[in-house]
Amino acid sequence: MKKRLIALSYYALFWLFFFIIARLFFISVQLHNAFQNSIGELLGTFWHGSALDISTIGYYMILPVLFSVPGVFFSGKWYSIFLKCYTYILIVFSSIIVVSDANLYSYWGFRMDYTPMLYLKTPGEAMASVTTMKLVLFFVTIILMSAIFIFIYKRLIGNRFGGFERIRFWWAAIPFFMVLCGALIIPIRGGFGVAPINAGSVYFSKKMFLNHSAINAIWNVGTSAFTQKPVKNPYEFGDLASASAIVDTLTNKKGIPENVLNSTRPNIIIFVIESFSGYLIGPLGGDSLITPNFNRYVKEGILFSNFYASGTRTDKAMPAILDGYPAQPAQSIIKEPKKSQSLPSLVKILIEQGYNSSFWYGGEINFANFNSFVIGSGFNTIITKNNFDPVNYNSKWGVHDHVLLNTLEDSMKTVKEPFINVVLTLSSHEPFEVPMEPVFQGGDNISKYKNSIYYTDKSLGSFLDWAKKTDWWKNTLVIMVADHGARISSDMLNYSQMIFKIPMLWIGGAVSKKGIRIEKLGSQTDIPVTLLNQLRINGSFPFAKDLLTNESKSFAFYTFNEGFGFITDSSSVAYDHKSKKLVFEEGKSPESAERDGKAYLQVLFNDYLKR
2 MKKRLIALSY YALFWLFFFI IARLFFISVQ LHNAFQNSIG ELLGTFWHGS
52 ALDISTIGYY MILPVLFSVP GVFFSGKWYS IFLKCYTYIL IVFSSIIVVS
102 DANLYSYWGF RMDYTPMLYL KTPGEAMASV TTMKLVLFFV TIILMSAIFI
152 FIYKRLIGNR FGGFERIRFW WAAIPFFMVL CGALIIPIRG GFGVAPINAG
202 SVYFSKKMFL NHSAINAIWN VGTSAFTQKP VKNPYEFGDL ASASAIVDTL
252 TNKKGIPENV LNSTRPNIII FVIESFSGYL IGPLGGDSLI TPNFNRYVKE
302 GILFSNFYAS GTRTDKAMPA ILDGYPAQPA QSIIKEPKKS QSLPSLVKIL
352 IEQGYNSSFW YGGEINFANF NSFVIGSGFN TIITKNNFDP VNYNSKWGVH
402 DHVLLNTLED SMKTVKEPFI NVVLTLSSHE PFEVPMEPVF QGGDNISKYK
452 NSIYYTDKSL GSFLDWAKKT DWWKNTLVIM VADHGARISS DMLNYSQMIF
502 KIPMLWIGGA VSKKGIRIEK LGSQTDIPVT LLNQLRINGS FPFAKDLLTN
552 ESKSFAFYTF NEGFGFITDS SSVAYDHKSK KLVFEEGKSP ESAERDGKAY
602 LQVLFNDYLK R
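Given below as structure tokens:
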């Protein structure tokens with residue numbers, strides 16, 4: 002029995018070594034972030050992160066310990082063969098997560114959880130952001146890591162489990178191994194404390210990169226996979242009635258909006274522009290050369306200059322824009338048809354008012370459960386990648402924006418009014434490959450991103466210039482809004498306001514006020530109420546406010562992975578729910594912004610759970 006215990010101890014140490022190398026690999030891939038910290042701080046990630054490493058080892062040890070029980074009676078190599086197969090599978094699985102996590106962090110700014118797994122139903126679209134070279138390097142790295150650790154296991158660990166003899170004192174060995182298996186709950190839950198271990202348990206620094214480095218990605222993926230559909234609100238900060246009262250005050254529906262349209266039944270085109278970050282837009286302080294057409298049209302319409310995305314991805318943006326429903330920190334309601342189809346819908350309301358509706362997207366409609374959402378929204382016509390000749394699939398995501406908009410133009414030469422058309426662009430998505438000669442020189446991501454935005458802006462400008470010549474333009478409102486910003490540099494913290502600030506522009510013949518700015522803080526969630534009030538149409542959107550009434554509060558709420566940001570005219574905060582503390586605060590009264598943000602999130606998630 003002693004020999005078996007020693008072998009199992011070596012097996013546990015093997016996995017501890019694996020996780021140490023995995024953390025070293027993560028830090029090596031994120032060298033730009035790592036160099037901003039001292040060696041002592043980086044070493045601290047290994048010490049503090051060891052708690053989650055040991056917890057993961059506890060899970061990995063369950064089967065080896067459990068299978069030691071029949072090993073009491075049976076000798077031979079069967080146990081060695083079982084453990085070899087089991088370990089090889091775990092090595093490959095763990096290597097995939099480790100390599101994926103290290104690469105995804107550069108884009109997402111948080112450690113990998115179950116979220117990427119949700120996109121594997123449409124692997125083609127999930128891989129569309131990745132260049133061929135990166136994809137090759139990705140798989141080569143996984144193969145190398147797996148091969149190295151399989152070799153280490155074979156040479157140093159595997160031979161320790163060969164040729165076990167039957168244990169003579171089986172009556173003592175069986176309960177011993179059963180107790181040992183049960184005792185694994187101690188490292189799994191992180192000790193004897195009342196609360197089990199969680200990701201926030203390994204946070205030890207004010208620098209989020211160090212805290213993130215301490216997290217074991219495999220533990221994080223496994224935990225989020227089993228807790229992705231909570232049945233209890235994890236964001237209970239206080240009394241629900243008090244929180245609801247705060248939300249009611251924030252979203253005050255009283256007041257008469259300023260009229261900015263000359264029609265109560267205008268045609269409506271909503272352009273949801275992929276990754277159209279505010280920091281690149283000239284009128285919002287960006288480079289005026291990147292979006293010349295958008296800049297030109299700002300002079301002809303209404304620019305909402307303090308406007309924010311609700312979340313970080315398109316699947317979180319669409320319910321906000323079309324349903325007035327804010328993004329959730331860790332969930333995506335669009336992926337749960339039962340819930341998403343219960344949401345109030347701007348499109349459905351307009352259809353009831355006699356509007357013809359269509360949805361245009363040049364990509365794969367099944368990606369991130371878009372198909373269910375779009376169909377559930379009630380669109381009369383849905384145009385997707387499947388409606389185009391494969392010869393036009395000149396983007397990794399589908400058809401490029403100019404192809405989509407040219408087809409939209411052809412369809413609108415004869416169109417029945419009034420109409421609402423929702424158009425989702427895609428060319429400015431990673432990997433930022435567009436069908437034009439680069440305007441901004443350089444092979445780096447930022448230059449590619451600028452070129453992709455320039456291309457989409459050019460495509461939109463061409464369509465709008467044509468639309469202005471049509472008969473229906475004089476009674477048309479065009480809303481241009483981003484789905485989300487882009488975290489193009491690892492310098493951008495995942496909770497940074499810079500990532501979430503986006504433009505929204507209202508233009509068209511139906512706009513009666515030209516060249517004005519709306520300074521009130523708002524977000525995508527406010528679009529349905531603001532629009533419907535201009536049309537004198539009632540709609541129930543509990544988390545939205547009217548951006549054009551004096552009575553509504555000036556605030557913006559956004560979410561990032563396990564956290565939220567809340568901005569007012571006087572203060573702004575970012576709250577990380579894992580560490581249960583603010584990671585950013587500024588202004589006169591951040592405590593008030595934190596209170597309101599917590600109330601908003603608590604009421605939002607309570608509503609989400611009930612749907």
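Residues 2 to 612 in our numbering are what the sequence shown lists, from first letter to last. Quick reminder that beta carbons are idealized off the backbone N, C-alpha and C, glycines included. Since the structure is predicted, the reported quantities are computational estimates derived from the model, not experimental observations.
Check: Collapsed DSSP secondary structure at MET481 in the structure displayed; Outcome: strand
Check: Same chain, Cβ closer than 7 Å to TYR61, neighbours up to 5 away in sequence not counted; Outcome: TRP16 and LEU91
Check: Secondary structure of ASN422, DSSP reduced to three states; Outcome: strand
Check: Range of the contiguous beta strand (DSSP E) that encloses GLY557; Outcome: With the sequence shown as reference, residue 557 is identified as Ala, and Gly is not the correct amino acid for it. That run of the beta strand (DSSP E) goes 556-561.
Check: Straight-line Cα distance separating ILE291 from ALA246; Outcome: 43 Å
Check: Cβ shell of ASP458 (< 6 Å), same chain only, five flanking positions each side left out; Outcome: THR292, ASN294 and PHE295
Check: ILE517 to PRO504 span [Cα, whole Å]; Outcome: 14 Å
Check: Pair within 8 Å by beta-carbon distance, ASN476 and PHE561; Outcome: no
Check: Contact the region 102-117 vs the region 204-220: 3+ CB pairs below 8 Å; Outcome: yes
Check: TRP507, enclosing beta strand (DSSP E) - first and last residue; Outcome: 502-508
Check: C-beta neighbour in chain D for ALA321, strict 8 Å; Outcome: In the structure shown, chain D does not exist; there is a single protein chain.
Check: One or two residues paired with TRP361 in a DSSP bridge; Outcome: ILE384 and VAL424
Check: Collapsed DSSP secondary structure at TYR601 in the structure displayed; Outcome: helix
Check: Span separating the alpha-carbon of ASN370 from that of GLU337; Outcome: 8 Å
Check: Segment contact, 8 Å Cβ cut-off, at least three pairs: the region 428-442 with the region 244-263; Outcome: no
Check: Neighbourhood of PHE374 by C-beta, 7 Å cutoff - its chain only, sequence neighbours within 5 removed; Outcome: MET319, ILE335 and SER341
Check: Start-to-end residues for the alpha helix (DSSP H) that takes in TYR280; Outcome: Note, TYR280: premise wrong, no alpha helix (DSSP H); not H, not E.
Check: Under 8 Å between C-beta atoms of GLY486 and LYS469; Outcome: no
Check: Proximity below 8 Å, CB of GLY377 to CB of ALA545; Outcome: no
Check: Pair within 8 Å by beta-carbon distance, TRP467 and GLU410; Outcome: yes
Check: Buried versus exposed, by CB contacts within 10 Å (16 or more), LEU533; Outcome: buried
Check: TYR576 - partner residues in DSSP beta bridges; Outcome: PHE565 and LEU583
Check: C-beta contact flag for PHE380 and SER358 at 8 Å; Outcome: yes
Check: Nearest-angstrom Cα separation, counted from TYR576 out to TYR108; Outcome: 20 Å
Check: Unbroken alpha helix (DSSP H) run spanning ILE90, endpoints; Outcome: 79-109
Check: Buried versus exposed, by CB contacts within 10 Å (16 or more), THR415; Outcome: exposed
Check: Counted within 10 angstroms of its Cβ, other Cβ atoms place ASN212 as buried (16 or more) or exposed; Outcome: buried
Check: Rounded Cβ spacing between ILE500 and ASN446 (contact assumed at less than 8 Å); Outcome: No, ILE500 and ASN446 are not in contact; Cβ-Cβ is about 15 Å, not under 8 Å.
Check: Assumed close pair TYR601, TYR309 - CB separation to whole angstroms, cut-off 8 Å; Outcome: The pair is not a contact, with the Cβ atoms about 13 Å apart (cut-off 8 Å).
Check: Reduced DSSP secondary structure (H/G/I, E/B, other) of ILE186; Outcome: helix
Check: DSSP-derived helix/strand/coil call for ILE366; Outcome: coil
Check: TYR80 versus LEU25: straight-line alpha-carbon distance, rounded; Outcome: 32 Å
Check: Proximity to GLY286 [Cα-Cα], best of HIS33, SER306 and SER593; Outcome: SER306
Check: Three or more C-beta pairs below 8 Å linking the region 131-150 and the region 64-71; Outcome: no
Check: Helix, strand or coil at LEU262 according to DSSP, with G and I counted as helix; Outcome: strand
Check: Within 8 Å, strictly: CB atoms of LYS386 and GLU365; Outcome: yes
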